[in-house]
Amino acid sequence: MTSKAHLARLGLFDARVPRYTSYPTAPQFKPGMGSKQFTNWIGAIAPGSRISLYLHVPFCRRLCWFCACRTQGTRTDAPVLAYVETLKAELELLRAALPEGVTLSRLHWGGGTPTLLPPAQMRDLAAKVFDVVPLGDGAEFSVEIDPNEIDDARLDALAEAGMNRASIGVQDFDPHIQAIIGRDQSFEITHAATEAIRARGIASLNADILYGLPDQSTARMTDSVQKLLSLNPDRVALYGYAHVPWMARRQQMIPSDSLPRPEERLGLYDSARRLFLWDGYDEIGIDHFARPHDGLAKAARAGTLRRNFQGYTDDVAPVLIGLGASSISRFPQGYAQNAPGTSDWTKAVRAGRFATARGHAFAGDDLLRARIIEMLMCGFATDDAELRATFDVSPAQLGALYRPALERFDGFLECTPRGLRIPEAGRPLTRMIAAAFDAYAMSREGHSTAV
7 MTSKAHLARL GLFDARVPRY TSYPTAPQFK PGMGSKQFTN WIGAIAPGSR
57 ISLYLHVPFC RRLCWFCACR TQGTRTDAPV LAYVETLKAE LELLRAALPE
107 GVTLSRLHWG GGTPTLLPPA QMRDLAAKVF DVVPLGDGAE FSVEIDPNEI
157 DDARLDALAE AGMNRASIGV QDFDPHIQAI IGRDQSFEIT HAATEAIRAR
207 GIASLNADIL YGLPDQSTAR MTDSVQKLLS LNPDRVALYG YAHVPWMARR
257 QQMIPSDSLP RPEERLGLYD SARRLFLWDG YDEIGIDHFA RPHDGLAKAA
307 RAGTLRRNFQ GYTDDVAPVL IGLGASSISR FPQGYAQNAP GTSDWTKAVR
357 AGRFATARGH AFAGDDLLRA RIIEMLMCGF ATDDAELRAT FDVSPAQLGA
407 LYRPALERFD GFLECTPRGL RIPEAGRPLT RMIAAAFDAY AMSREGHSTA
457 V
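Just so we're aligned, residue 7 is where the sequence shown starts under this note's numbering, counting upward by one.
Now the structure itself:
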């Protein structure tokens with residue numbers, strides 16, 4: 007039986023499983039968590055420690071059909087400017103709750119399209135952030151940049167504010183595929199944006215590209231990856247397109263019958279993967295690649311790679327606070343998510359309280375399972391010595407936890423003296439193996455295909 011046949015036998019091409027950027031995953035978050043608990047968790051942060059901060063800007067000039075993010079279109083700046091004022095009010099709430107001396111390890115502006123902010127508002131928002139929580143030594147300030155929605159004035163504003171990493175969404179450079187997914191972004195525009203970013207001394211550049219898009223072929227995928235490589239990004243996320251039109255109604259614009267089959271998706275991924283490896287990138291986890299000098303590659307080599315809502319990260323701050331509508335925060339105590347609707351979020355913040363609407367407080371063996379899943383997703387192996395020391399769990403208890411996964415994925419999951427290990431042949435199954443340690447009831451809805 008071929009390797010692909012073995013993978014098919016184990017259900018790889020039929021499964022829908024989480025990407026495990028958190029555990030428990032966001033569909034498990036429940037109502038009932040509110041502003042008071044969120045405030046208490048902020049207050050429990052150690053004085054003088056470092057945290058990370060995510061600001062969500064859910065506006066776009068145009069809505070791409072492939073996107074399943076919570077965004078809204080706007081042709082004018084008025085709702086965006088009002089949103090920024092509410093973000094500043096939310097930052098004041100954070101100031102009141104934060105212990106003294108806390109600084110930033112990471113600051114990320116995402117969306118949506120944060121680069122649709124006018125330059126004055128970019129400067130104003132950044133100044134407000136740093137007035138509330140200053141950047142610590144060696145901190146990283148990254149921004150998601152739409153090449154169609156950026157100019158010299160806005161890049162100048164971001165560079166002056168301290169942005170030192172930029173992230174560009176590419177998706178695919180083929181004009182035919184761009185037309186199908188509603189994303190018109192030429193290679194020339196993207197190249198000009200990267201040149202303008204680097205001209206301002208911003209040396210670190212991330213890029214996202216998708217496989218599994220409609221009418222994608224190996225030839226088209228190869229051409230797009232080679233164009234991306236000519237831009238020499240420091241870090242690349244190679245994400246599988248998640249077609250969930252029952253959740254993201256705009257995806258109904260994309261013809262389902264033009265999507266590649268799961269077996270073809272695996273071939274598209276492998277074609278892109280080989281190109282990145284041939285060009286000298288290090289492979290990071292299941293879907294990232296990084297130049298050897300990049301912090302992500304260094305973290306992978308050092309065994310300190312982590313996973314959060316932005317994917318793989320070298321950030322080791324124990325707290326990530328999300329501000330803005332729908333943003334998710336992570337604390338040692340659990341997860342908290344803001345109201346998803348802009349109007350509900352605005353109403354809460356203007357009433358003088360955080361807009362926390364749902365979440366999850368860690369209980370039972372949540373943290374043990376979360377760490378096992380993170381280890382598998384980051385390094386394809388567990389470190390039993392760390393697990394035993396951190397969670398006071400015995401070898402026998404770990405063995406009992408491992409046994410069902412070892413039996414199900416026999417030959418694609420191994421038990422070594424150090425712990426579990428996913429060999430090269432089993433790595434396409436990583437998300438499925440991680441799901442074997444998920445103790446929560448899982449629905450196929452809302453999750454992307456396993457490959």
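For every residue, glycine included, the Cβ atom is placed at its ideal position computed from N, Cα and C.
Asked: 8 Å Cβ cutoff met for D152 and G175; Found: yes
Asked: Cβ-based burial, G49 [other Cβ within 10 Å; buried from 16]; Found: exposed
Asked: Cβ-based burial, Q351 [other Cβ within 10 Å; buried from 16]; Found: One detail in the question is off: residue 351 reads as Trp in this sequence, not Gln. With 16 or more other Cβ atoms within 10 Å, it is buried.
Asked: Of the residues M448, P423, V457 and D389, the one placed nearest G432, counting alpha carbons only; Found: V457
Asked: Spatial neighbours of C66 in its chain, beta-carbon cut-off 6 Å, leaving aside the 5 residues before and after; Found: T77, G79, G118 and T119
Asked: For P251, the three-state DSSP class (helix, strand or coil); Found: coil
Asked: Beta-bridge pairing of N212 - partner residues as DSSP gives them; Found: S173 and R241
Asked: For Y446, the residue or residues it bridges with in DSSP; Found: Beta-bridge pairing links Y446 to no other residue.
Asked: Extent of the continuous alpha helix (DSSP H) run through F35; Found: It is not in any alpha helix (DSSP H) - F35 carries neither H nor E in the DSSP assignment.
Asked: Length of the line joining the Cα atoms of D178 and R356; Found: 40 Å
Asked: Boundaries of the alpha helix (DSSP H) in which T396 is found, first to last residue; Found: D390 to F397
Asked: Beta-carbon proximity check, G54 vs G107, cutoff 8 Å; Found: yes
Asked: S454 and A248 closer than 8 Å at C-beta; Found: yes
Asked: Nearest to F35 (by Cα), restricted to the options W252, G365 and F415; Found: G365
Asked: Sequence-distant residues of the same chain with beta carbon closer than 6 Å to R226, five excluded per side; Found: D180
Asked: The alpha helix (DSSP H) enclosing G405, as first and last residue numbers; Found: P401 to R414
Asked: Check: N344 C-beta below 7 Å from any heavy atom of the ligand NAD; Found: Summarising the ligand content, the structure contains no ligands, and the ligand NAD is consequently not present.
Asked: Start-to-end residues for the alpha helix (DSSP H) that takes in N154; Found: Neither: N154 is in no alpha helix (DSSP H) and is coded neither H nor E.
Asked: Beta-carbon contacts of A306 that lie in its chain and below 7 Å, excluding the five residues immediately before and after; Found: D288 and I290
Asked: Euclidean distance between Cα positions of F337 and P324; Found: 7 Å
Asked: Start-end ranges of the alpha helix (DSSP H) lying completely within the stretch 328-371, minimum 4 residues; Found: 348-356
Asked: Three or more C-beta pairs below 8 Å linking the stretch 155-164 and the stretch 212-229; Found: no
Asked: Extent of the continuous alpha helix (DSSP H) run through Y89; Found: A84 to A103
Asked: DSSP-derived helix/strand/coil call for M7; Found: Below a pLDDT of 50, predicted positions are generally treated as unreliable, and M7, at 39, falls in that range; no measurement from the model is reported.
Asked: Option in I57, T27 and M383 with minimal Cα separation from A440; Found: M383
Asked: Within 8 Å, strictly: CB atoms of R297 and D240; Found: yes
Asked: 7 Å CB neighbourhood of D83 in its chain, flanking five on each side removed; Found: P124
Asked: Alpha carbon of G142 to alpha carbon of K304, nearest angstrom; Found: 20 Å
Asked: CA-to-CA distance, G358 to G218, given in whole angstroms; Found: 44 Å
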